[in-house]
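A quick write-up on the structure given underneath.
2 protein chains.
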Amino acid sequence: MRVLGVDPGLTRCGLGVVDSLPGRRVKMVDFGVAASPADDTVDRRLLAIAEAVGQWIDRFSPDAVAIERVFAQRNVYTVSGTMQASGVAMVEAARRGVEVALHTPTEVKAAVTGNGDAPKEQVARMVRRLLDLDDPPRPADAADALALAICHIWRPNTLSPTGQAATAAQKAWMEAARAARRRRKSWAAA
Amino acid sequence: MRVLGVDPGLTRCGLGVVDSLPGRRVKMVDFGVAASPADDTVDRRLLAIAEAVGQWIDRFSPDAVAIERVFAQRNVYTVSGTMQASGVAMVEAARRGVEVALHTPTEVKAAVTGNGDAPKEQVARMVRRLLDLDDPPRPADAADALALAICHIWRPNTLSPTGQAATAAQKAWMEAARAARRRRKSWAAA
Chain E
808 MRVLGVDPGL TRCGLGVVDS LPGRRVKMVD FGVAASPADD TVDRRLLAIA EAVGQWIDRF
868 SPDAVAIERV FAQRNVYTVS GTMQASGVAM VEAARRGVEV ALHTPTEVKA AVTGNGDAPK
928 EQVARMVRRL LDLDDPPRPA DAADALALAI CHIWRPNTLS PTGQAATAAQ KAWMEAARAA
988 RRRRKSWAAA
Chain Y
808 MRVLGVDPGL TRCGLGVVDS LPGRRVKMVD FGVAASPADD TVDRRLLAIA EAVGQWIDRF
868 SPDAVAIERV FAQRNVYTVS GTMQASGVAM VEAARRGVEV ALHTPTEVKA AVTGNGDAPK
928 EQVARMVRRL LDLDDPPRPA DAADALALAI CHIWRPNTLS PTGQAATAAQ KAWMEAARAA
988 RRRRKSWAAA
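Going down the list, the sequences are from chains E and Y. Per the numbering used here, the very first residue in the first sequence carries number 808; after that it's consecutive. Per the numbering used here, the very first residue in the second sequence carries number 808; after that it's consecutive.
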């Protein structure tokens with residue numbers, strides 16, 4: 808299975824392609840960043856992100872595109888570009904008939920490090936180790952995109968059809984997913 | 808000048824095309840709604856909105872696409888679909904090289920009724936009167952889209968190169984625009 812991870816952003820959108828290998832191993836295929844100039848209009852910046860995501864899907868033919876689920880309880884203005892970039896990335900996948908999955912930052916951290924509150928540096932270190940890279944992937948957006956792809960490959964239902972979590976990381980993952988579902992429900996009811 | 812107004816939404820996205828005529832008159836060309844099924848995945852729903860907006864641009868060849876600027880200070884979860892739909896609409900315009908303009912709900916209400924706090928029904932009534940329609944356009948999303956198009960046609964800088972507001976409606980419009988800029992600045996600084 809091949810997954811394209813997308814860490815959505817308007818200024819920098821992280822992209823990372825990961826293949827799953829037998830024995831719960833993962834292999835880095837490519838990673839990078841789609842950027843758009845801060846002095847351009849938002850519509851053209853979103854188009855630049857859309858075109859880059861589309862090119863990555865066409866080039867690497869992933870089975871799924873895993874995108875960070877964007878939350879913002881405080882400053883909606885600064886998050887709107889991120890949210891719009893995630894929507895634009897979703898459309899590029901849907902246009903090509905590629906499955907889209909959303910994962911929260913907590914789910915990603917839990918999947919990769921076993922700790923849903925892990926600091927960014929720890930996530931980057933684990934991504935480097937899991938993918939057997941010489942250095943932690945840079946910039947951080949690309950590392951996050953690779954972590955998203957790994958998170959999707961390791962999501963509990965692919966590994967454990969019985970719903971039994973096999974590892975501490977998967978247990979933390981499932982707990983984070985449950986917490987996110989509870990949070991969404993309470994928001995939807997608000 | 809021809810403007811396509813877009814009232815962004817995931818379940819219903821309002822669309823309205825308006826031509827400007829000499830003497831500060833406006834003419835309705837068409838209006839409608841792009842809908843997406845609530846039980847589909849978000850990525851496919853956004854694709855449906857994107858394709859509909861693209862088709863309207865191709866069919867009516869507007870000079871500009873005016874989209875409601877989405878704000879949400881409280882419940883980000885429910886607004887994320889609206890925000891993503893607006894981003895997706897922007898990309899469809901940018902892909903075709905059509906100018907994109909964002910207007911806040913307050914700006915639109917002020918432009919159409921002279922009152923930035925006007926209730927929705929008053930906006931719909933004024934849209935009906937300004938466009939010389941037999942009935943207020945339905946659903947409300949389509950009326951809002953037509954109001955957005957009118958707001959863009961009547962934006963102060965097209966009518967008054969000197970920056971002098973010609974009418975009470977334009978004064979209210981400019982005040983609303985200034986207030987929105989102040990709000991955005993204070994958010995960006997937060």
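Ideal placement from N, C-alpha and C gives every residue a C-beta, glycine not left out. As the structure is a prediction and not an experimental result, all values here were calculated from the model.
- Per DSSP, reduced to three states, the secondary structure at Leu854 (chain Y) is helical.
- The alpha-carbon separation between Met835 (chain E) and Trp961 (chain Y) amounts to approximately 53 Å.
- Using a C-beta cut-off of 8 Å, the stretch 884–902 of chain Y makes contact with the stretch 890–902 of chain E, since at least three inter-stretch Cβ pairs fall below that distance.
- Here the alpha carbons of Pro963 (chain Y) and Val934 (chain Y) stand approximately 18 Å from one another.
- Any Cβ of chain Y closer than 8 Å to the Cβ of Met890 (chain E) would place that residue at the interface, and such an atom is present.
- Residue contact check for Leu955 (chain Y) against chain E: no CB pair falls below 8 Å.
- In this structure Leu938 (chain E) is in contact with Val833 (chain E), their Cβ atoms being roughly 6 Å apart against a cut-off of 8 Å.
- A direct Cα-to-Cα measurement between Val907 (chain E) and His959 (chain E) gives close to 10 Å.
- In the three-state reduction of the DSSP assignment, Leu817 (chain E) falls in the coil class.
- Boundaries of the beta strand (DSSP E) around Asp837 (chain Y): Arg832 to Ala842.
- Contact of Leu822 (chain Y) with chain E is not assigned, every C-beta pair being separated by 8 Å or more.
- Contact between the stretch 861–881 of chain E and the stretch 913–928 of chain Y is absent: fewer than 3 CB-CB pairs across the two stretches fall below 8 Å.
- It is roughly 43 Å from the alpha-carbon of Ile856 (chain Y) to the alpha-carbon of Asp941 (chain E).
- Between Ala931 (chain E) and Gly821 (chain E), the alpha-carbon positions lie close to 13 Å from each other.
- With fewer than 16 other beta carbons inside 10 angstroms of its own, Ala845 (chain E) counts as exposed.
- In this structure, E:Ala918 is the residue among E:Ala947, E:Glu858 and E:Ala918 with its C-alpha nearest to the C-alpha of Arg831 (chain E).
- Annotation for Ala900 (chain Y): Val872 and Val907 place their beta carbon closer than 6 Å to its own, counting only its chain and skipping 5 residues before and after.
- Contact with chain E is absent for Ala917 (chain Y), since none of that chain's Cβ atoms lies less than 8 Å from the residue's Cβ.
- When only Cα atoms are considered, Gly904 (chain Y) and Pro912 (chain Y) end up about 25 Å apart.
- Its chain contains Pro815, Gly816 and Val877 as the residues whose beta carbon lies nearer than 6 Å to that of Thr889 (chain Y), once the 5 sequence neighbours on both sides are disregarded; these appear in chain order.
- For Ala900 (chain E), the C-beta contacts it makes with chain Y under 8 Å involve Asp850, in order along the chain.
- At a Cβ-Cβ threshold of 8 Å, Asp948 (chain Y) and Val860 (chain Y) do not count as neighbours.
- When Cβ-Cβ separations below 8 Å define contact, Ala952 (chain E) makes no contact with chain Y.
- For Ser893 (chain Y), the neighbours in chain E by C-beta distance under 9 Å run, in chain order, Ser887, Gln891 and Gly894.
- Annotation: the continuous alpha helix (DSSP H) that includes Leu955 (chain E) extends over Ala947 to Ile960.
- Ala983 (chain Y) and Val886 (chain E) have their C-alpha atoms some 23 Å from each other.
- Taking 8 Å as the threshold, the shortest C-beta distance from Ala845 (chain E) to chain Y does not fall below it.
- The alpha carbon of Glu858 (chain Y) has as its nearest neighbour, out of Y:Val825, Y:Ser827 and Y:Arg902, the alpha carbon of Y:Arg902.
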